[in-house]
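Here is the structure we will look at.
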Amino acid sequence: MARITSAIEFPEDDPAPMLTHLDRWATSTLIDSGSWGSIIERCSVWADYSPRNQVLLASYGIATPVAGAATWEQVPSSEAGRPCAVRAGEHGLPVRVPVPTTVTAQSSRSRSGQRARVPGSMKWERVFAAEQLARLPAVGALAWSPVPEQLTGPDGQRELAEVVRQSVGRLTGQTPRRSGDPWERLVEVAGDVPLGRRRPELRPALCRQAAWLALDRLGHAPGPLPGFEPTRVRGRLRWELLADTRRATDQIVSAFSDVLNHDLTASSLPRMDIAEDRTVAKGRQNYLAPADVAALPKGVWVEVGPYTVHEWAARGVPGADGRAGFFRVSDTGYLATYETAEGARWRIESTRTGQRGLLDEGTTDDLPSAQRTICQIVSDRYPTLAALVPTEASDPPVRVFTPNRDGWQPLADARDGRAQTRQLTDRIQLVVAPGPGGRWENLVITDSQIRQLPLVADEESAKTAVEGVGRRTALGHAAETPQLADQLISDAAVNGSFTRELLADVVGHRLADADASEIADPDIGAARLAELLADTGVVTPPTIVDVLVADGATVDEIARVVPQIGLPIPDAVRTLADRFEIERIEVGSMLSASVDELQSAGCSPAELLASYPREVLRSLDARPHTWETAATTMIESGTSMAGVIRHLAAHAPTPETFATGVATICDRPEIAFAHSARHAQPDDLAALGSIYELEPATTAQLLADAGTHPATAYETLVVACEGDIEIADALSIRHLNLDPATLDADDVVVDLTTAQGLRDALPTPAATSDLDLAEQLAALVDRTPLIPLSPTGGNEP
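Residue numbering for the sequence shown is 50 to 846, as defined by the numbering used here.
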């Protein structure tokens, strides 16, 4: 017989019918403390639903778990081999559920611009209670998440106090120093739990009920449920207070779940969740999302960066500073190495493990040693991965195009111990073995398909024949797979087996006939070859550089085509410096690289300051310690002390930074003033005397000894004397031999003659002249009497 015989309908856009339904139910049902307590405890059955939905489900008169019809079909029933099913004639119970919408989201632990699903609106969905089923769930099929063992053992009360203490900290933001009584703590914090906009604080009696319900979920409820008399409030307020109490209870239980790392609100029914593989789940310690790991090639180190410490932190990798390397070893496992300020660190991580993503970690001196260390650890700890990871003791990787025949290994489990195999690519395996009549068999295994070649006389002939067929098969695969084509060309260029004919075989079909014939022409230059390779659309810029190097192009020729092939300047600097064994600064000069690009390429601060001091110094901040380090670095890079002081005088943002930088590299004030007098400003010179703790008189004498310009020296003394003009005048007379009358700003410039006299003495311009400008000026000065101005302003002979 049906339990819900009539349909319950609520409109999507009008909440009034639902509110009226709840008002009538609360007025007729919540009539005393007993009915209130029964309903509020019953709502715990639907703890995985929102408080409003819990109240709605209670108003329908049910008391068992609810789910959609499709979910019930996944639950085994009491009839063996058959799932649960909704009884015929039953009507669903409407609950309010969110409608997800797709938005573009940003995450610090995943790739930018990803698509995410977030709640956009609400709609009504129908669920069915267990009492509406024709076939009831099997015994034990609906079981709530158990309480952790530490709360049920002999020390359960003490563990409970600690869990409550930490949960209070999560709810309020202030963790109590002492545990205290769990009951009192929860009653107090229940009144502080936010209940939503325009909702009043929870009443004391309801705070006690929320605390009791939360402790009851842990099996530590103190006695019976505290009472509450609902008759003192009207109908709507009754069910609203009921929802508020359930909301406070759910938030406290959620805090318990976070502290215990155990979901206490997990549904007893199966849920069909969609796993998001583009982000790192909450609580995980691995740094890469599953989708990022799946995109990594297996068995190859992939280098990224360099990035600054702030850029790494924005990517969810704290402490990293520089480059990083990733090596995928399985579908979910990978190795990670990061450069840090102290050296480098390595991590063994997994996107699927019981240890929350981090299996092991450690530190080394640099990135290459970190990669060697982690590979050796994995090889020793996981024997099944030993053949995949490169170690110092392992053989070099086998390539398709190698100048020498190598990579042949004994064939495991072979009937004849002379049988050998070679893994040419991930899809092609070569096998040679003794055959009938003393001859040798040779096999090419491609994607599990075996191709047997004709028998040959000896082992060497078998290897030669099978390798030739294997290479041709690999070329055929490369014609279909762009990534393999790039890999084959790169391998051949690096190991010395590169030829123009190989290029034509691998990528010639991707060009027009005229271009395909031109790519095999050895007379075309590096620029044209780079253009043809870029036109294929499958050869990456780093591989183009490798090809040009193998083809004999010079570093200058390659530097000129870097913008043409689209290789980033930092990558080009690193690649060319490594290939031709020259300094990165020199390569950067060829490529007209900026300071930021050179820094990204791995140039040290000393190299940048030695080669581009102006650009680097202009980018520094105004902290004195920064300029102290900059001055020391410039000295260590080979710049003279005089040159460093000139740069500091030109670019230091404040007098303090100038003085700090000079004092760092020069401990003798007389030398510092000698180099600074003609380049620094008065404020800088005054700060220089202050940092050496010199008296104004000593500063004046050093300025005089250094030949400082009188105006600059006088302004320096005014600053050094803290604006006392009289003391500055006295020091100027004593040490600089300056007449006080000449220190007036109006008398700083002394004219040699009047402008009219100079104008009258100028000769008539001629069309041409045999005398140069210097001789004309000398003749003019000889003919013009120079009459100096008197101190009083009049002209006196």
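Ideal placement from N, C-alpha and C gives every residue a C-beta, glycine not left out.
Being a predicted model, the structure only gives us computed values, none of them experimental.
CA-to-CA distance, residue j to residue i, given in whole angstroms
i           : j           : result
residue 503 : residue 466 : 21 Å
residue 518 : residue 598 : 28 Å
residue 591 : residue 624 : 8 Å
residue 728 : residue 698 : 6 Å
residue 85  : residue 97  : 21 Å
residue 83  : residue 277 : 9 Å
residue 201 : residue 117 : 34 Å
residue 216 : residue 184 : 41 Å
residue 71  : residue 356 : 58 Å
residue 755 : residue 576 : 56 Å
residue 74  : residue 382 : 56 Å
residue 359 : residue 645 : 15 Å
residue 557 : residue 635 : 35 Å
residue 66  : residue 305 : 36 Å
residue 348 : residue 655 : 36 Å
residue 489 : residue 469 : 11 Å
residue 563 : residue 581 : 11 Å
Buried/exposed call for residue i, threshold 16 Cβ in 10 Å
i           : result
residue 458 : exposed
residue 259 : buried
residue 786 : exposed
residue 613 : exposed
residue 174 : exposed
residue 338 : buried
residue 171 : exposed
residue 231 : buried
residue 280 : exposed
residue 842 : In this prediction, residue 842 scores a pLDDT of 44, lower than 50, which makes its location untrustworthy; the coordinate-derived value is nonetheless stated afterwards. So residue 842 ends up on the exposed side.
residue 499 : exposed
residue 271 : exposed
residue 456 : buried
residue 56  : exposed
residue 107 : buried
residue 717 : exposed
Helix, strand or coil at residue i [DSSP, three-state]
i           : result
residue 74  : helix
residue 411 : strand
residue 786 : coil
residue 457 : coil
residue 136 : coil
residue 59  : coil
residue 718 : helix
residue 193 : coil
residue 223 : coil
residue 186 : strand
residue 382 : strand
residue 707 : helix
residue 778 : helix
residue 374 : strand
residue 468 : coil
residue 123 : coil
residue 579 : helix
residue 479 : strand
Neighbourhood of residue i by C-beta distance below 6 Å, restricted to the same chain and skipping five residues each side
i           : result
residue 295 : 92, 100 and 103
residue 373 : 353, 354 and 387
residue 156 : Because residue 156 sits at a pLDDT of 46, beneath the cut-off of 50, its placement in the model cannot be relied upon, and the following sentence gives the value as read from the coordinates. Result list for residue 156: 328, in chain order.
residue 121 : 133
residue 547 : 541 and 599
residue 242 : 297 and 300
residue 708 : 736, 737 and 740
Contacting residues, own chain, Cβ-Cβ under 7 Å from residue i (five flanking each side not counted)
i           : result
residue 407 : 334, 335, 396 and 398
residue 732 : 704 and 768
residue 679 : 658, 666, 669 and 710
residue 553 : 565, 568 and 569
residue 661 : 644
residue 522 : 477, 493 and 495
Sequence-distant residues of its chain with Cβ nearer than 8 Å to residue i (five each side left out)
i           : result
residue 515 : 479, 480, 481, 491, 492, 493 and 502
residue 127 : 184, 185, 186, 187 and 188
Near the ligand GDP: residue i beta-carbon under 6 Å from a heavy atom
i           : result
residue 401 : The model on display carries no ligand, and the ligand GDP is accordingly not part of it.
Ordered list of alpha helix (DSSP H) runs contained in the segment 588-673, each at least 4 residues = 590-599, 604-614, 618-629, 633-639, 644-649, 654-660 and 662-667
Could you name each continuous alpha helix (DSSP H) segment of 4 residues or more that falls completely within the segment 308-349, going from the start of the chain to the end?
-> 339-344
Can you check the segment 491-541 for any alpha helix (DSSP H) of at least 4 residues that lies completely inside it and give the ranges in chain order?
-> 508-529
What residue ranges within the segment 195-219 form continuous beta strand (DSSP E) runs of no fewer than 3 residues, ordered along the chain?
-> none
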